[in-house]
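Mind the numbering: the sequence shown is residues 14 to 707 in the numbering used here, read in order. Here a beta-carbon is modelled for each residue, glycine too, at the ideal position from N, C-alpha and C. All values reported here derive from a predicted model rather than from experimental measurement. In what follows, a structure is listed as C-alpha cells, so that the remarks can point back to it.
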Amino acid sequence: MQEKNILKTPVRYIKGVGPRKGEYLTRLGIHTVEDILYYLPTRYDDRSRFTSIKELKVGEHQTVQGEIITLSSRLTKTGMPIFQIAITDQIGFIHAVWFNQPYLKDYLRKGQRVIIYGKVEMYDKLQIVQPEYEVLKTGEKDSINIGRIVPVYSLTGQLTQRYLRSLAFLAIMNYSKSLIERLPSYLIARAKVVDIKFAVRNIHFPVSFDNLEKAYRRIVFEEFFMLQLALAIKKKDVKFEESAFTFSLAGGLIDSFTKTIPFELTEGQKKAVSDIERDLSSGRPMNRLIEGDVGSGKTVVASYALVLAVQNGFQGVLMAPTEVLARQHFIGLSELLMPLGINIVLLIHGIDPKMRDKIYSEIREGRINIVVGTHAIIQEAVEFKRLGLVVIDEQHKFGVTQRAALRQKGYNPHVLVMTATPIPRTLALTVYGDLDISIIKEMPKGRRPITTYLVEEEKRGEVYNFIKEELNKGRQAYVVCPLIEKGAGYRVKGVGAEEVYEKLKSDVFPDYEVGLLHGRMSSREKEKVMKDFKKGKIKVLVSTIVIEVGIDIPNATVMLIENAERFGLAQLHQLRGRVGRGGHESYCILLANPRTEEARDRLKALEETLDGFQIAEADLNIRGPGEFFGTRQHGLPEIRFGNILKDFDIMEVARKEAFGLIAKDPNLAEEHHKLLKENLLSRFKGRLDLIKVG
Ligand code: ADP
Ligand code: MG
14 MQEKNILKTP VRYIKGVGPR KGEYLTRLGI HTVEDILYYL PTRYDDRSRF
64 TSIKELKVGE HQTVQGEIIT LSSRLTKTGM PIFQIAITDQ IGFIHAVWFN
114 QPYLKDYLRK GQRVIIYGKV EMYDKLQIVQ PEYEVLKTGE KDSINIGRIV
164 PVYSLTGQLT QRYLRSLAFL AIMNYSKSLI ERLPSYLIAR AKVVDIKFAV
214 RNIHFPVSFD NLEKAYRRIV FEEFFMLQLA LAIKKKDVKF EESAFTFSLA
264 GGLIDSFTKT IPFELTEGQK KAVSDIERDL SSGRPMNRLI EGDVGSGKTV
314 VASYALVLAV QNGFQGVLMA PTEVLARQHF IGLSELLMPL GINIVLLIHG
364 IDPKMRDKIY SEIREGRINI VVGTHAIIQE AVEFKRLGLV VIDEQHKFGV
414 TQRAALRQKG YNPHVLVMTA TPIPRTLALT VYGDLDISII KEMPKGRRPI
464 TTYLVEEEKR GEVYNFIKEE LNKGRQAYVV CPLIEKGAGY RVKGVGAEEV
514 YEKLKSDVFP DYEVGLLHGR MSSREKEKVM KDFKKGKIKV LVSTIVIEVG
564 IDIPNATVML IENAERFGLA QLHQLRGRVG RGGHESYCIL LANPRTEEAR
614 DRLKALEETL DGFQIAEADL NIRGPGEFFG TRQHGLPEIR FGNILKDFDI
664 MEVARKEAFG LIAKDPNLAE EHHKLLKENL LSRFKGRLDL IKVG
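Printed below as a string of C-alpha cells:
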C-alpha cells in the first residue's frame with residue numbers, strides 16, 4: 014500500500030507551499046496531496062473562447078477578457094473608496110467597479126490584460142460590479158490559465174486562483190497516477206461511470222464540458238454510493254434482527270375501531286394502513302416512516318396500529334415532541350379508544366409523584382394498554398409488561414438508533430415514525446434510507462385552501478382589524494412570535510411573546526380573552542391555556558413555536574406570524590397548518606421585514622403554494638440539508654461533492670447498486686469489495702454508529 018501513502022504526502026512538501034500558504038490551505042481543509050486532488054472547483058471559466066464584449070448578455074454572469082485602458086479612483090459621498098477600470102477587447106468596452114478595495118490601484122496597470130468575471134449590468138454603460146479578476150502576464154502562453162476550461166476554486170486569505178490552480182495542476186501531474194480505484198470494475202461498467210483517474214484529472218482541468226460532466230458524475234456517484242452502502246448495511250441489520258412479534262390482523266377490537274372512525278380514510282391513509290399491516294404481520298420488526306403534510310390525517314393511521322397492538326395483547330406507546338401535543342393526542346385517543354375498553358394514560362414530567370408511581374406500576378403489570386407522552390417515556394424508569402409498538406410523532410430522526418436503545422432495555426417493539434415535514438424524495442432516500450416510507454399525499458376531503466398574505470409592518474393596524482372581524486364571527490386566532498422575551502442581540506432579535514401578549518390584551522383586543530403559551534410555563538399552566546383555547550374561552554392565543562406541530566383547533570381561522578423572516582419555510586408551513594382545519598375560510602398572515610430580496614422571495618414562495626413538498630424543496634435549496642433539519646437532525650452525513658436535489662438521478666442509481674451489492678455480499682467479504690469496505694469504515698467512523706461490517 015505504498016501508493017496510498019504517496020497521496021497522504023503533506024502539502025508542505027510540494028514546491029511553492031511555504032508555512033504561510035500551508036496555513037491558508039489548512040483553512041480550506043487541504044492537508045495532503047489527496048486533499049488537493051479532491052478540492053473541487055466551485056465553477057469553471059471557459060477560456061477556450063471568450064465572449065466578445067459586444068455579445069455580452071446583460072443580467073448574466075460572464076467572463077470577459079481585455080486590456081485595461083483607464084483606471085480611476087474616487088470616494089462616494091459617504092467616504093467609501095471606489096475603484097474603476099475600463100477594459101476593451103478592441104471591439105467593445107466594459108467597466109469593472111470595486112468598492113472598498115483601494116489597494117487595487119497599486120496592483121492593476123494600464124495596458125495589462127485582465128480577465129474579469131461577474132454579473133454584467135447596463136448602467137449608463139456596461140459594467141460588472143465587484144468582479145472576480147485575474148491579471149494575465151504579458152505574452153503569457155500559460156497553458157494552465159488560458160486557452161482552456163479553467164477551474165475556479167473558493168479561496169481564503171491571500172491565496173489566489175492562479176496559485177491554487179497551479180497547485181492542483183502539479184498535484185495532478187505528479188500524483189494522480191497513484192489514485193486507487195475503489196469501485197469494482199463490474200460496477201464501473203454497469204453504472205457507466207469513468208474511472209477515478211480520469212475523473213480527478215478532468216474535474217480540475219477538463220478538456221471539454223462533456224468530460225467535465227463525466228468526471229463530476231463519477232465523483233458524485235462514488236460519494237452517494239458509499240452513503241447508500243452505509244444505509245443498506247444499517248437497514249440489513251434491522252431486517253436481520255431476531256424476529257419481532259407477529260401480529261394477527263383480524264379481530265373484534267380492530268373491527269369495532271374501524272366502525273368508530275367517523276370518516277372514510279383517504280387513499281394515502283388506506284395505503285399507509287395496509288403497509289403497516291404488512292409490516293406487523295411479517296415477523297420482522299417494523300421500521301416505518303409515515304410522511305404526510307400537516308393535516309393529512311396521520312393520527313388515525315397511528316391509532317389503527319396501536320389498536321392492532323392492543324388486540325394482540327401488547328402495549329403501545331405514542332410519543333410526541335412536546336407536552337402540549339402529547340396532551341392533545343391523549344385527549345384524542347381517549348375519545349376514540351376508551352369506549353372500546355382500551356386503557357390509556359398520559360405520562361409527562363411534573364405529574365404528582367404518587368400518581369406517577371401508580372401509573373408506573375399499572376404499566377408494569379400490563380393494566381395500561383397505551384401510554385401517551387413525551388420522549389421522556391422511554392428514557393425514564395418506565396417498565397412495560399409487553400411493549401409491542403412505539404409510535405413517534407413529529408420526530409424527524411428516530412428509528413434505528415433509539416430502537417437499539419429500547420432493545421437494550423429488553424424490548425423489541427415495532428416502530429412507526431410520523432413526520433409532517435414533507436421531505437423531498439431525494440432527501441428521504443438519504444436520511445431515511447434505513448426506513449420504509451409511506452407517503453400520504455392527499456388531504457381529507459372538504460379542506461378549504463388557506464389564504465396566505467405577506468404583510469409589512471405598516472399594515473399592522475389593518476391586520477388587527479381583520480382579526481377583529483374574524484373574532485366577531487366567533488372564530489379564534491393564533492399569534493406566533495419567535496421569542497418569549499423581546500430580544501435585541503444579533504442572534505436573538507425579534508418580537509417577544511410576553512410583550513405582544515400584554516399589548517394585545519390591553520390595547521388591541523381588550524374586549525376579547527387573550528392567552529399566552531410558551532415553553533417556560535409549567536405543565537399545569539400550559540394545560541389550562543390549551544384547554545381554554547380549545548373550549549373557545551380564549552379567543553386569541555399568543556405563543557412561541559411550541560404550537561408548531563400537531564395542534565388541532567378547528568375553530569381557529571387566523572394564524573398571524575410575527576417576524577416571519579426568522580422562521581424556516583418548513584416551519585412556517587407547519588404553523589400555517591394549524592388553521593384551515595374546520596369548515597371556515599382560513600388565513601395565514603406573515604408579518605415580516607425581510608432585509609434582502611432573497612428573504613422576500615423565500616416568504617413569497619409561501620404565499621404562492623400550499624404544497625408542503627414544494628415548500629420543503631425550496632427551503633432545502635435555500636438553506637441546505639443541515640439547516641433544513643435544524644438541530645434535531647443528527648444522522649445526516651456531510652455531503653461534499655454532490656447536490657442531493659440536483660443529482661437525484663445519480664442518487665437513485667447509487668442506491669440501487671448499493672442495496673443490490675449488500676444483498677449479495679452483506680459483509681463486503683468478496684475480494685473486489687475489500688477497498689469499499691476499508692473506505693466505508695474510515696468514512697463513516699463515529700457517524701453512522703450502527704454500522705457493523707463483517
Ligand atoms: P396530522 O397528519 O397533521 O397529524 P391529524 O391526524 O391531526 O393530522 O388530522 C387532522 C384532522 O383531520 C383531524 O381533525 C382528523 O380527525 C381529520 N381527519 C383525518 N383523516 C380524515 C379523513 N379521511 N377524512 C376527514 N377528516 C379526517
Ligand atoms: Mg399530527
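{"Check": "Beta-carbon proximity list for residue 132, same chain, < 6 Å, skipping 5 on both sides", "Outcome": "74"}
{"Check": "Residue 278 CB to nearest heavy atom of the ligand ADP below 7 Å", "Outcome": "yes"}
{"Check": "Top-ranked residue by Cα proximity to residue 84, from 375, 422, 122 and 259", "Outcome": "122"}
{"Check": "Given 8 Å, three or more beta-carbon pairs between the region 357-369 and the region 331-348", "Outcome": "yes"}
{"Check": "Reference residue 259, options 249, 232, 267 and 291, closest by Cα", "Outcome": "291"}
{"Check": "Proximity test, residue 288 beta-carbon vs the ligand ADP heavy atom, cut-off 7 Å", "Outcome": "no"}
{"Check": "Which listed residue (19, 242 and 176) has its alpha carbon closest to that of residue 678", "Outcome": "242"}
{"Check": "The ligand ADP heavy atom lying under 7 Å from the CB of residue 282", "Outcome": "yes"}
{"Check": "For residue 306, the three-state DSSP class (helix, strand or coil)", "Outcome": "coil"}
{"Check": "Limits of the unbroken alpha helix (DSSP H) element including residue 341", "Outcome": "336-350"}
{"Check": "Counterpart residues of residue 10 in DSSP-defined beta bridges", "Outcome": "Absent from the model: residue 10. The displayed extent of the chain is 14 to 707, so no value can be given."}
{"Check": "Buried versus exposed, by CB contacts within 10 Å (16 or more), residue 245", "Outcome": "buried"}
{"Check": "Run of the alpha helix (DSSP H) containing residue 73, from where it starts to where it stops", "Outcome": "Premise fails: residue 73 is in no alpha helix (DSSP H) and is neither H nor E."}
{"Check": "Alpha helix (DSSP H) runs contained entirely in the region 446-509, provided each spans 4 or more residues", "Outcome": "473-485"}
{"Check": "Bridge partners - residue 386, DSSP secondary structure assignment", "Outcome": "332 and 360"}
{"Check": "Expected contact under 8 Å - CB spacing of residue 453 and residue 592 to nearest Å", "Outcome": "About 20 Å separates the two Cβ atoms, so there is no contact after all."}
{"Check": "beta-carbon residue 547 near the ligand MG non-hydrogen atom, thresh 7 Å", "Outcome": "no"}
{"Check": "Endpoints, beta strand (DSSP E) assigned at residue 99", "Outcome": "94-101"}
{"Check": "Distance cut-off 7 Å: residue 458 Cβ against heavy atoms of the ligand ADP", "Outcome": "yes"}
{"Check": "Residue 311 to residue 365 span [Cα, whole Å]", "Outcome": "31 Å"}
{"Check": "The ligand MG heavy atom lying under 7 Å from the CB of residue 433", "Outcome": "yes"}
{"Check": "With 16 other Cβ atoms within 10 Å as the buried cut-off, status of residue 138", "Outcome": "exposed"}
{"Check": "Any non-hydrogen atom of the ligand MG within 7 Å of residue 311 CB", "Outcome": "yes"}
{"Check": "Sequence-distant residues of the same chain with beta carbon closer than 7 Å to residue 8, five excluded per side", "Outcome": "This structure leaves residue 8 out entirely; the chain is present only between 14 and 707."}
{"Check": "Straight-line Cα distance separating residue 431 from residue 493", "Outcome": "24 Å"}
{"Check": "Residue from 56, 674 and 198 with nearest C-alpha to residue 162", "Outcome": "56"}
{"Check": "Contact set for residue 125: own chain, Cβ-Cβ below 6 Å, skip 5 residues either direction", "Outcome": "81 and 148"}
{"Check": "Closer than 7 Å: residue 565 CB and nearest the ligand ADP heavy atom", "Outcome": "yes"}
{"Check": "Cβ-Cβ distance between residue 87 and residue 95 below 8 Å", "Outcome": "yes"}
{"Check": "Proximity below 8 Å, CB of residue 397 to CB of residue 328", "Outcome": "yes"}
{"Check": "Heavy atom of the ligand ADP within 7 Å of residue 399 beta-carbon", "Outcome": "no"}
{"Check": "Cβ distance (whole Å) where residue 77 is taken to contact residue 110 below 8 Å", "Outcome": "Their Cβ separation, rounded to whole angstroms, is 14 Å, which puts residue 77 and residue 110 out of contact at 8 Å."}
{"Check": "Per DSSP, the bridge partner or partners of residue 140", "Outcome": "108 and 134"}
{"Check": "Cβ-based burial, residue 662 [other Cβ within 10 Å; buried from 16]", "Outcome": "exposed"}
{"Check": "Selected residue, minimal CA-CA separation from residue 485, among 513, 526 and 470", "Outcome": "526"}
{"Check": "Residue 594: CB within 7 Å of a non-hydrogen atom of the ligand ADP", "Outcome": "yes"}
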